[in-house]
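Participant:
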Amino acid sequence: AIEEFRGGMVEAALARYDAAGKVTRAATAPAAYDTMVADWYQLTACGGTDPMIAGPNRIRRELNQRARGAMRSGGHLTGPTFVTAEGAEFEAGDWVVARRNAPHLTSGSGGWVKNGSAGTVTGVDPEQRAVTIAFDREGSITVPASYLDAGHVEHGYARTTYSVQGATLDRALYFAGDDSSFEEGYVAFTRGATETRLYLVDGIATVDDDDTHRAHDVAGTGLDTVSQALRHRRANTLVHDTDPRAGDLGDLTHGTLAQLRTERLRLEAILASGPADPAVELTAALVERDRLLARTRLHTAAHGPQTEGWSPRRIEARVAVLSVQREAHHQVSGDHAAELDRYRLVRRAELARELHVRAQAATGVADTTHAAPDPTSPIARRDLLAAAEAVAVHTDRYSTLASADHEMSDVEAVLGARPDGVA
Numbered sequence: 570a571i572e573e574f575r576g577g578m579v580e581a582a583l584a585r586y587d588a589a590g591k592v593t594r595a596a597t598a599p600a601a602y603d604t605m606v607a608d609w610y611q612l613t614a615c616g617g618t619d620p621m622i623a624g625p626n627r628i629r630r631e632l633n634q635r636a637r638g639a640m641r642s643g644g645h646l647t648g649p650t651f652v653t654a655e656g657a658e659f660e661a662g663d664w665v666v667a668r669r670n671a672p673h674l675t676s677g678s679g680g681w682v683k684n685g686s687a688g689t690v691t692g693v694d695p696e697q698r699a700v701t702i703a704f705d706r707e708g709s710i711t712v713p714a715s716y717l718d719a720g721h722v723e724h725g726y727a728r729t730t731y732s733v734q735g736a737t738l739d740r741a742l743y744f745a746g747d748d749s750s751f752e753e754g755y756v757a758f759t760r761g762a763t764e765t766r767l768y769l770v771d772g773i774a775t776v777d778d779d780d781t782h783r784a785h786d787v788a789g790t791g792l793d794t795v796s797q798a799l800r801h802r803r804a805n806t807l808v809h810d811t812d813p814r815a816g817d818l819g820d821l822t823h824g825t826l827a828q829l830r831t832e833r834l835r836l837e838a839i840l841a842s843g844p845a846d847p848a849v850e851l852t853a854a855l856v857e858r859d860r861l862l863a864r865t866r867l868h869t870a871a872h873g874p875q876t877e878g879w880s881p882r883r884i885e886a887r888v889a890v891l892s893v894q895r896e897a898h899h900q901v902s903g904d905h906a907a908e909l910d911r912y913r914l915v916r917r918a919e920l921a922r923e924l925h926v927r928a929q930a931a932t933g934v935a936d937t938t939h940a941a942p943d944p945t946s947p948i949a950r951r952d953l954l955a956a957a958e959a960v961a962v963h964t965d966r967y968s969t970l971a972s973a974d975h976e977m978s979d980v981e982a983v984l985g986a987r988p989d990g991v992a
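Take any residue in the sequence shown, count from 1 to its spot, add 569: that is its number in this note's numbering.
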């Protein structure tokens, strides 16, 4: 079925699922949600840990609300205390997922909260309005009220197809509708290692989708409607829509060093807008503090409390200041996670482009030895190749072109015009 779906034979693929009893129909959307949640809950009772899969966020929210009710009825939410942030309630036992990188929120094992980190709430502090979450990969981390109030934690009983990309589930339960797409369906159908089930409305559906700006539209739906929707391939979102400067670069793998350098400088300016990472200074201050504290304890044990002279209070103040600076740095890094990821890609693209330019320059010299005397000395030929590579890289990075108002020498014919300031 997956092979047929991948090949565009959507109806044939869905027919296979239907014939195998993997398509569940309901007369209305609420009934379909209830059936899907009931099946999901039965799997969790047998030890399942997979979330349900939905396309639009409105369906994800509907499924999460019902799943949380089932969890409470089953005694899996062990409140009674909870905190409310952005209208959401969190209790011990809740499945949750983080929605924002937060490098400053770390576990004892060194893991930190990432966009998409999933876990289970293990504790709630009503006074501080904080929750402790046992993340599946990152370890146990206490999430403060500021992160919760910003809406960066959501219930994770149901997740969107975008959220589960790259994940491998045991059983994939997917709700499909007339607003699904080929890309969404392919992600959903390829998540389950053991089983995939499709849930849909076979009757009349009411659409109220803030993503497509339709409200309270009523339309017939069914397997044919879902098949038609899943045949639709959504146009990829243009990078220009989210980053107007990205159009100057195009594909990173085809950008010149000059284009990549411009993009890198732009990203560096954004990332430099926040405070620098004082990690080295903080480490040195912590070492100094520990040394002074040890010295103080030894002196106290031998001679009694110290009344004058050196004191760790000054270094304690420095540690506190540097800790605040580092937390601010991590906060800015989290806010600019997309720029940071793109910056890393640009740096890798620059290295790859430079290697390509150097290889082309060396090949060009080897293929153009008639334009200049072929060095017989290995050292001279090595120097010629090194010069060719250096000039080619400089030209590609700074767009240096040969001047047209003078006759080029034989060396320039091979290497290109000599950049200003290069002997």
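We treat Cβ as the ideally placed atom computed from N, Cα and C, and that holds for glycine.
Classify L742 as helix, strand or coil using the three-state DSSP reduction.
Facilitator: strand
Participant: Can the beta-carbon of Y743 be found closer than 9 Å to that of A623?
Facilitator: Cβ distance < 9 Å, so Y743 and A623 count as in contact.
Participant: Give every residue of the same chain whose Cβ lies closer than 8 Å to the Cβ of A931, excluding the five residues on either side of it in the sequence, and list them in chain order.
Facilitator: L954, A957, E958
Participant: Between the Cα of M605 and the Cα atoms of D587, A639, E572, which residue gives the shortest distance?
Facilitator: A639
Participant: Taking the DSSP output, what are the residues bridged to E658?
Facilitator: T653
Participant: Going by alpha carbons, who is nearest to F704 out of R669, V665, V856, S732?
Facilitator: V665
Participant: Return the residue from the list I884, G679, D910, P625 that minimises the CA-CA distance to E850.
Facilitator: I884
Participant: With DSSP run on the structure shown, which of helix, strand or coil describes R866?
Facilitator: helix
Participant: Assign M605 to one of three DSSP states: helix, strand, or coil.
Facilitator: helix
Participant: Can you tell me the Cα-Cα spacing of R814 and I571, whole angstroms?
Facilitator: Interpretation of R814 is limited by its pLDDT of 43, a score under 50 that renders its predicted location unreliable; the figure taken from the coordinates is listed afterwards. About 38 Å.
Participant: Report the three-state DSSP secondary structure of P672 (helix, strand or coil).
Facilitator: strand
Participant: How would you write the range of the beta strand (DSSP E) that H724 sits in, first residue to last?
Facilitator: 722–724 is the span of the beta strand (DSSP E), which, as asked, contains H724.
Participant: Start and end of the alpha helix (DSSP H) containing S642?
Facilitator: Its alpha helix (DSSP H) spans residues 626–642.
Participant: Please return the same chain residues whose Cβ sits closer than 7 Å to the Cβ of A827, not counting the five positions on each side in sequence.
Facilitator: D965, R966, Y967, S968
Participant: What residue range is occupied by the uninterrupted alpha helix (DSSP H) comprising L646?
Facilitator: L646 -> no alpha helix (DSSP H), and no H or E assigned at all.
Participant: Do three or more CB pairs link the region 697–713 to the region 759–768 at distances below 8 Å?
Facilitator: no
Participant: What do you get for E837, buried or exposed, if any count of 16 or more other CB atoms within 10 angstroms of its CB means buried?
Facilitator: exposed
Participant: Would you check if there are 3 or more beta carbon pairs closer than 8 Å linking the region 649–663 to the region 677–693?
Facilitator: yes
Participant: Below 8 Å, can you find three or more Cβ-Cβ pairs linking the region 727–737 to the region 639–654?
Facilitator: no
Participant: What span of residues does the alpha helix (DSSP H) with G754 cover, start to end?
Facilitator: For G754, the enclosing alpha helix (DSSP H) has its first and last residue at 751–758.
Participant: Looking only at C-alpha atoms, which of D748, D747, H721, E753 sits nearest to G735?
Facilitator: Taking only the C-alpha atoms, the option nearest G735 is E753.
Participant: Compute the distance between the beta-carbons of R916 and R835, then report whether it is under 9 Å.
Facilitator: no
Participant: Of all the options R800, R830, A863, A845, which has the alpha carbon lying nearest to the alpha carbon of H963?
Facilitator: R830
Participant: Does the distance from the C-beta atom of A741 to that of I628 stay below 9 Å?
Facilitator: no
Participant: Compute the beta-carbon to beta-carbon distance between V722 and A667, rounded to the nearest angstrom, for a pair I have assumed lies under 8 Å.
Facilitator: 6 Å
Participant: Among P695, C615, T675, L767, which residue has its Cα nearest to the Cα of K591?
Facilitator: L767
Participant: Quick check on E764: does DSSP put it in helix, strand or coil?
Facilitator: strand
Participant: With DSSP as the reference, please indicate the residues paired to S709 in a beta bridge.
Facilitator: A703
Participant: Looking at the unbroken alpha helix (DSSP H) that takes in R835, where does it start and where does it end?
Facilitator: 826–840
Participant: Just curious, the beta strand (DSSP E) that T691 is in, first and last residue?
Facilitator: 687–694
Participant: Does the separation of the CB atoms of V888 and R858 fall below 9 Å?
Facilitator: yes
Participant: Just mark G725 as buried or exposed, buried being the case when its beta carbon has 16 or more other beta carbons within 10 Å.
Facilitator: So G725 ends up on the buried side.
Participant: Helix, strand or coil for A589, going by three-state DSSP, please let me know.
Facilitator: coil
Participant: So, at 7 Å on beta carbons, what are the nonlocal neighbours of A854 in its own chain, with the 5 sequence-adjacent residues on each side left out?
Facilitator: I884, R887, V888, L891
Participant: Could you give the distance in angstroms between the alpha-carbon of P620 and the alpha-carbon of A607?
Facilitator: 13 Å
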